[in-house]
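See structure below.
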Amino acid sequence: MLRLAFVSGALLALVAHQATAQAALTTLFSQSSSGAVGGAVYFDVEVKLKTSLQALDCNFSATVGTPVGLDMYVTPDGRAGKQLDVAAWTFVSTDDGSSLAAGEDEPTRIRFPKALSLKPGRYGIALVARGTGHGFTNANASNISYADGFLALQLGEASDAPFNGTLVEERVWNGRLIYGPKTVVGPYLYTYDDVSGSVHGFLLDSKSGAPGQLLGSPFEVTGGAISCNRNCQSLVADPGGLFVFAATNAGLAVLARGAGGILEQVAGSPFAASSGLRSVAAWRSATGLQVFAVANPAGVLDVFDIDLLSGAATRRAASLSLGTGGGAGGLIAGKRFLFAANQTDSAIRGFAIDELTGDPVAMTGSPFTVPGIDEPSNLALDSKETMLAVNDCDDGDYGFLLVDKLTGELSSPLVLTGASDCSQIFGFTSKGFLYGGGDDWFDVFETGPALICSPSAPEDVELGAIAPKGSSVYFTDGRSLMHLPIHKKYYLPIAASTGTLLDVFREDPTGMIYVAK
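Residue numbers (my numbering): 5 to 521.
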């Protein structure tokens, strides 16, 4: 690594190899006006976690196809009072000479000869345009701050001459910081916003779990919104890592996972189902990949075979009954067993999965009930697949059942009461702790099971996910994504350390999954 030694604790350093960035923090691409050719914009960046800046997207005024460029300068401890003091700034890098203007309100990609290492701290940034002017937006209280788990931006000013002339205040730079490690292997968080027809992808810091939105996110999902209220387990990842599957009103949506966790819908998606889908689960054998899907209006379980090369899904002719149509809830698949909840029937149906064919076969004793759980909704299996958990959104209770290791049959039902009026299940950790929540509360259960505590949540809990090792919890209030680290000793989400990505979702996502790699 070659370092640019301009201040102690420097923000930026050249990294030996350019990598494809996988996360991005975006301001706006909707300019109110533009500056002079060769002008500058100024803003602050707070680096929360060490990462690397790979590129920028900028809103330039030059006509499409015009060669453009950019120089970057930095000053320690923020820009305040330094914008017109050229001596306070240090040159960091120029672009690689490959940029052509994309046109007004479109992102023009600016690449650097080498990636720039971002070290924790607060810094002032000056971007000086070449061959064009910057597009910027008039500032107001709602558009001057942007943040994720890695970076935070505070904007901003502009001047027609860099570090000279008249400083025009309340100007928001239009652009995007594209960042990420040299090699991205996860972990990731995906959240399905079915109303807007998109899956939002987030790169998670491997140590802290803090999220940053993936470059290109949200990823399009066609097929239409599903009939669901809050968590419907409508999103699932292929255990082999190749695909992500989403329930849509038109059938099964299949998205291929590319390098760095990016998603792209495969040809022919969505694939027709018996009726509109609600919940999905994925299962792999040594020879194939199947997706089980709840066709809710029809009240049946569809089985799809997935082509491992193309991602194309073929629905098997036979569908299995899940009881009363319109009442189906969550769906969960383990290595050998599959379970489906039905809120109308107050029942859980169990199936053994044939190891060779992937066919689900109804278990002896199915359907199963949990006295006290009237509307079973979400389902979760512990890592050993010896316990099944179910929530009741009617009154906030949680049900627990033992899973027979040989047959999968459910027994010994137990009901424990959480703090909310409508609970949601996030999942089990590898140590057997179950996390859930609802309203403005979390619920934490230890193995046994027993309720440890119900700490307050910083916002309403609509949907959530837990890191398998129990290091972080993620949830949404319907619009924003929140991340809380979990106390290593007491297993409690630490509300005082909440990180928030504001207003990233359109309306009440219905599925959230953690993917390790």
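Think of the CB as a built atom: it goes at the ideal place given N, C-alpha and C, for glycine as much as any other residue.
Predicted model, so just to flag it, every value in this text is computed and none were measured.
A check of alpha carbon separations from T141 across G179, N168, H491 identifies G179 as the nearest. Judged by DSSP in its simplified three-state form, V188 adopts coil rather than helix or strand. The alpha-carbon separation between S231 and N253 amounts to approximately 8 Å.
Looking at L208, D61, G369, the one whose alpha-carbon comes closest to that of K54 is L208.
Beta-carbon to beta-carbon, L467 and N235 are separated by about 5 Å, close enough to satisfy the 8 Å threshold. Comparing alpha-carbon positions, the option among M367, D386, Y402, E50 lying closest to P380 turns out to be Y402.
Between V465 and D443, the C-beta spacing is below 8 Å.
Annotated three-state conformation of G265 is helix, per DSSP.
Contact annotation, G205 with Y196: C-beta distance approximately 11 Å; criterion of less than 8 Å not satisfied. Residue environment for F247: buried (at least 16 other C-beta atoms within 10 angstroms of its C-beta). V90 carries a helical assignment under DSSP once its states are collapsed to helix, strand and coil.
Taking G228 as the centre and dropping the five residues before and after it, the same chain places the C-beta of T252, N253, A254 closer than 7 Å to its C-beta, in chain order. In the DSSP assignment, R113 falls within the unbroken beta strand (DSSP E) covering 112-122.
Cβ contact annotation for H138 (same chain, cutoff 8 Å, sequence separation greater than five): S38, G39, G43, A44, V45, C62, N63, F64, S65, L131, A162, W177, N178, in chain order. Looking at the DSSP output, H138 shares a beta bridge with F64.
By the Cβ-count criterion, H487 is buried, with 16 or more other Cβ atoms from all chains shown falling within 10 Å of its own Cβ. Straight-line spacing of the CA atoms in V90 and T79 works out to 10 Å. Taking C-beta separations shorter than 7 Å and ignoring five residues to either side along the sequence, the partners of D386 in its chain run F432, G436, following chain order.
Taking the Cβ atoms as the reference, T170 lies roughly 45 Å from G201, outside the contact range of under 8 Å.
With the rule of 3 Cβ pairs closer than 8 Å, the region 323-333 counts as touching the region 303-310. DSSP links C457 through a beta bridge to V448. Burial state of T514 is buried, judged by a 10 Å Cβ sphere holding 16 or more other Cβ atoms. When the five nearest sequence neighbours on each side are left out, the beta carbons in the same chain lying within less than 7 Å of the beta carbon of G220 are those of I266, in order along the chain. DSSP places S501 in the helix class (H, G or I) of the three-state scheme. For N147, the CB contacts under 7 Å within the same chain, skipping 5 residues up- and downstream, are L32, T141, V176 in chain order. For F167, the secondary structure class from DSSP, reduced to helix, strand or coil, is coil.
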